[in-house]
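**Student:**
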Amino acid sequence: MKNSYLTDPRKMFHTEEFPDQEQNTPAIQNKMRPKPDSGEEAYKGNNRLEGRNALITGGDSGIGRAAAIAYAREGANVAIQYFPGEEEDANEVKELIEKAGKKALLLPYDLRDDGAATEIVTKTVEAFGRLDTLVLNAAQQIAQASLSDLPMKQVHDTFKVNIISMFETVKAAEEHLEPGSAIITTTSVQSFDPSTPLLDYAATNGAISNFTVSLSSYFASKGVRVNGVAPGPIWTPLQLDNGKLEGQIPEFGQNAPLGRAGQPVELTPVYVLLASDEGSYITGQIYGVTGGKPINL
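Quick note on this note's numbering: the sequence shown kicks off at 202 and runs consecutively.
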């Protein structure tokens, strides 16, 4: 007799091929088909982050959006940085944060700009009075069919957004991070199993993984924990903004061992754990949420 309380992970969320689609920059989550599940309806909080003040980069959509919703429902005030032009998604997240009874702050900044990462920290502290949780999640991913197609400006921009902005954000935030604070980076399975169309993106994620581990050693004596999350194929706007080669969207995620792409909400338990006191003895680790694809550092 089957246990009716068990759910086959292969059959959860969206299991079919995706409609072939693309969007102009910036891609908007609300216009995706199907719309990703970032926990807007499903996530229930348990006060695990009561009194925290979080800054999440790339917090308007995808994984960052899921973390923002979860953090608010767990009791945290949440500031979200987002790329200008993504106001439609950002305003939805703001409403969800405030509906949870918490303060929300929208920060429209292009992280390629000098000083942008410092300003989002300054404005978060001004708005909330404190900053104790950083989720460094913003990313640029643009697929190119060959090395000759890869513009050097793209390489420079990808490094600015994906890893250089992390350095700047942490430097600006250090003086505000009291013992018990947490830093969580978003890296990728690409850090461990890089795809050739994503040479620059994969390289930045290798740097993020290394940065995470070394940063944890730096902050351990200060009582600040630093960990990373390495997603696999997750259905987010990143994929539709030139993130995949032409014709690859329909089969996105189908080659994962679990046979489907993941949804942003499926990463929220890890982001909440790593920010909360439940993760008090966890630092210097990278957690794979990949649908079965292995990660090794």
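Note that CB positions come from ideal geometry on N, CA and C, so glycine has one too.
(1) Helix, strand or coil: how does DSSP classify Gln343 here?
(2) Please state whether DSSP places Ala291 in a helix, a strand or coil.
(3) Could you spell out the range, first to last residue, of the beta strand (DSSP E) harbouring Asn254?
(4) CB-CB under 6 Å to Phe393, same chain, minus the five flanking residues each way: which ones, in chain order?
(5) List the whole-angstrom C-beta distance separating Ala271 from Gly260, where the pair is believed to meet the contact cut-off of C-beta under 8 Å.
(6) Do Val490 and Val430 count as a contact pair if the criterion is CB distance below 8 Å?
(7) Three-state secondary structure (DSSP) at Leu498?
(8) Taking the alpha-carbon positions, what's the Ser477 to Ile385 distance?
(9) Taking Leu446 as the reference, which of Gly302, Leu351, Glu251 has the closest Cα?
(10) DSSP has Tyr488 in a bridge; who is on the other side?
(11) Within its chain, find whatever has a CB closer than 6 Å to the CB of Gln486; leave out the 5 residues flanking it on each side and keep chain order.
(12) Quick one: Cα of Ile483 to Cα of Ser349, how far?
(13) Could you check the C-alpha separation between Thr413 and Tyr472 for me, to the nearest Å?
(14) For Thr469, list the residues DSSP reports as bridge partners.
(15) Return the chain-ordered list of same chain residues with a C-beta closer than 8 Å to the C-beta of Val322, the five sequence neighbours on each side being excluded.
**Tutor:** Taking the coordinates as given:
(1) Here residue 343 is Ile; the residue named in the question, Gln, does not match the sequence. Coil.
(2) Assigned with DSSP and collapsed to three states, Ala291 falls in helix.
(3) Boundaries of the beta strand (DSSP E) harbouring Asn254: 254-258, taken from the DSSP string.
(4) The residues are Ile496, Asn497.
(5) Not quite, the Cβ-Cβ distance comes to about 11 Å (not below 8 Å), so this is no contact.
(6) Closer than 8 Å, so yes.
(7) Reliability fails at Leu498, whose pLDDT of 49 lies under 50, so the model's placement of it is uncertain and no value is given.
(8) CA-to-CA, the gap between Ser477 and Ile385 works out to about 11 Å.
(9) With distances taken between Cα atoms, Leu446 lies closest to Leu351.
(10) Bridge partners of Tyr488: Val430.
(11) Excluding sequence neighbours, Gln486 sits near Asn428.
(12) Straight-line measurement puts the Cα of Ser349 at about 42 Å from the Cα of Ile483.
(13) The straight-line gap separating the alpha-carbon atoms of Thr413 and Tyr472 is approximately 15 Å.
(14) Beta-bridge analysis with DSSP links Thr469 to no other residue.
(15) Excluding positions up to five away in sequence, the list reads Leu256, Leu332, Thr370, Ala373, Ala374, His377.
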